[in-house]
Every structure is written in structure tokens, then in C-alpha cells.
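Some notes on the structure that comes next.
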Ligand SMILES: [Fe+2]
Ligand SMILES: [Fe+2]
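In this note's numbering, the protein residues as written are 5 to 319.
Here it is, written out as C-alpha cells:
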């Protein structure tokens with residue numbers, strides 16, 4: 005199957021895609037045009053639609069699934085689709101969501117089973133109770149199985165957050181034998197819950213944006229709120245030391261407060277400090293991996309947004 009990024013200049017594209025954003029403009033002769041960011045699992049492309057009608061404006065909305073008939077042209081050195089015909093997809097088209105948005109390369113059930121395996125390795129009753137209570141919420145689980153870890157920076161694809169969590173757990177497991185002064189159970193629980201607030205900080209899995217509570221509260225505090233709620237359900241005292249430690253690790257995971265990256269407190273235990281670096285390793289390596297795989301074979305340099313600089317492929 006051919007996806008939108010597989011088409012070369014000059015080709016005709018007939019494909020289903022997802023509208024990620026759209027902008028209406030007016031030409032010098034007063035007709036309207038639309039710049040539409042369309043995407044599928046291969047990535048996204050800017051498509052142009054000339055002579056926009058009222059019907060176009062109604063059907064082409066963010067998150068609409070559309071079928072396009074377009075020509076691939078080049079605009080300022082980048083591929084641009086010029087749409088000739090467009091319609092909304094219908095149920096009869098049977099379009100699969102997995103074909104429309106980039107997704108984790110790991111099978112969802114494998115990631116889910118790995119997560120369950122790690123929860124099974126946690127010995128602390130209190131931490132297991134809190135994790136299981138949070139994961140007893142069906143709506144939350146549905147989000148956890150589908151949400152990206154972010155809009156742009158890293159693991160920004162379907163099931164990306166779950167992949168990030170499992171990857172952190174693997175990383176933690178490998179490093180723990182080197183640092184016996186790190187609390188294994190709290191570290192595992194932090195890997196699982198540090199970004200759990202993102203499930204409400206972001207709007208949805210398909211075309212995620214920041215929600216209003218997400219912008220006003222942020223995923224660190226939202227995560228701690230979920231932990232507090234779970235403790236209340238199980239009558240776990242608020243001064244329980246493992247819970248206090250877990251909350252501290254969640255609230256400090258974006259690094260020292262002086263960095264300005266959104267931590268509520270600076271890490272004050274070896275577990276909190278190591279977790280911040282694990283999170284950094286996993287997020288940066290994922291972002292760099294995506295930069296490299298998005299580069300053409302002949303390209304030596306690519307831009308990595310997460311590092312705000314170009315990176316070199318090497319030899
Ligand atoms: Fe985070
Ligand atoms: Fe994270």
C-alpha cells in the first residue's frame with residue numbers, strides 16, 4: 005500500500021488522509037484557497053485547494069477523514085499536493101485509523117503485556133494498589149493504549165506514550181543493578197505514572213492538542229492528582245513514604261526548577277534524579293531516531309526539533 009509520503013513530484017495521488025490543520029486564505033483576485041495539512045501513517049504533507057466552496061469549508065475540518073485526488077507538485081523545494089477533487093470518507097470506505105496516523109512500530113498487545121509484566125515485578129503493596137487503581141479506569145486505559153507521549157517532541161505517534169513507558173522500564177531495569185541506592189519500586193512506579201497526566205493534558209490520540217486543564221495545570225500535577233485520588237480510594241495515608249516519594253519523582257521529572265522546564269520541585273532523592281535522566285535519554289533518543297529515519301538517503305544533516313539543532317548522520 006502506498007502512503008502520501010511515498011508519492012514523488014508529478015504523480016497523481018488518490019488516497020484517504022486525515023486533516024490535521026487547515027487555513028483559508030484569499031488570493032489577489034478575491035477567490036478563496038485552503039492550505040491543508042493532511043497526514044497518514046507515513047507523515048504529513050501540505051495540500052493546496054484552490055477555489056474553495058462553502059461545502060469544502062464544511063467537510064474539511066480538523067480530524068476529518070477525506071479522500072483526495074491530487075497532483076504532487078513542488079513548492080519552495082518541498083512536496084506540495086494540489087487537490088483536484090475531495091470528499092469525506094464514509095463508513096463504506098472502511099478506512100483503518102492505523103493507516104491514517106503514524107503509530108508505534110511495536111505491536112500494541114506486546115507493549116501492554118510488557119507493562120503488565122513490570123507491574124508484576126513491583127513488590128510494594130501500596131504502589132501496586134495505586135497503579136492498579138489508576139489502570140482500573142477503562143477510559144484512562146483506552147487513552148493509555150492510544151495516546152502519543154506528546155504533540156511534537158518525542159513518541160508523537162499512536163501508542164507513543166505506552167511505548168515510552170515500556171522503554172523507560174527496560175532502561176530502568178538495566179541501570180538499577182549499578183545503583184543500589186535507587187528505590188526500584190518507586191522508580192518503576194514513576195516510569196509508569198510520570199506522564200500519566202498527559203492522558204488529560206492532551207485532547208485525543210488522533211490529532212492531539214493541549215486541553216484547557218492541560219494548559220492550566222500540566223501533566224505533572226495532573227498525574228499527582230490521579231495518585232492522590234487512588235490513595236483516597238484505598239485509604240492509603242497521605243504521609244505514606246512510598247507515595248510521598250512517588251509524588252516527588254513525578255513533580256520533579258522535568259529537571260531542576262531553575263531549568264524552567266515545568267518541574268514543581270527539584271529532584272531531592274537519587275531515584276528522582278536518575279529518573280529525570282532516564283526520561284531525557286528515552287525522549288531524546290526517540291526524537292533523534294525519528295529525525296534520522298525521516299532523512300533522505302543522500303541527506304547528511306537533519307533538523308531535530310527536540311534539540312533545536314541540526315544533527316549529523318555520520319558515516
Ligand atoms: Fe513529562
Ligand atoms: Fe516522559
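Where a beta carbon is used, it is the ideal one built from N, C-alpha and C, also for glycine. It should be emphasised that the depicted structure is a prediction, and the values quoted were computed from it without experimental measurement.
Following the continuous beta strand (DSSP E) through residue i, name the residue where it begins and the one where it ends.
i           : result
residue 316 : 313–316
residue 44  : 36–44
residue 87  : 82–92
residue 24  : 16–30
Let me know the secondary structure DSSP gives residue i once reduced to three states.
i           : result
residue 66  : coil
residue 117 : helix
residue 269 : coil
residue 308 : strand
residue 51  : strand
residue 74  : strand
residue 183 : coil
residue 107 : strand
residue 131 : helix
residue 173 : helix
residue 206 : strand
residue 162 : strand
residue 79  : strand
Using beta-carbon positions only, say whether residue i and residue j come within less than 8 Å of one another.
i           : j           : result
residue 317 : residue 304 : yes
residue 159 : residue 39  : no
residue 162 : residue 108 : yes
residue 90  : residue 53  : yes
residue 71  : residue 96  : no
residue 165 : residue 199 : yes
residue 100 : residue 151 : no
residue 282 : residue 269 : no
residue 49  : residue 85  : yes
residue 211 : residue 22  : yes
residue 43  : residue 87  : no
residue 175 : residue 285 : yes
residue 133 : residue 238 : yes
Taking all protein chains shown into account, decide if residue i is buried (16 or more other Cβ within 10 angstroms of its Cβ) or exposed.
i           : result
residue 10  : exposed
residue 192 : buried
residue 80  : exposed
residue 295 : buried
residue 32  : exposed
residue 146 : exposed
residue 267 : buried
residue 280 : buried
residue 234 : buried
residue 187 : buried
residue 263 : exposed
residue 196 : buried
residue 171 : buried
Tell me, to the nearest whole angstrom, how far the beta carbon of residue i is from that of residue j; I am working on the premise that it is less than 8 Å.
i           : j           : result
residue 287 : residue 308 : Not really, about 11 Å apart at Cβ, beyond 8 Å.
residue 214 : residue 206 : 7 Å
residue 257 : residue 275 : Not quite, the Cβ-Cβ distance comes to about 11 Å (not below 8 Å), so this is no contact.
Taking only beta-carbon atoms, is residue i less than 8 Å away from chain B?
i           : result
residue 316 : Considering every chain present, this structure includes no chain B. It has just one protein chain.
Between residue i and ligand 3, is the CB less than 7 Å from at least one heavy atom?
i          : result
residue 97 : Among the ligands in the structure shown, ligand 3 does not appear; only ligand 1 and ligand 2 can be found there.
Could you give the first and the last residue of the continuous alpha helix (DSSP H) run that contains residue i?
i           : result
residue 290 : 274–297
residue 219 : 216–220
residue 234 : 223–237
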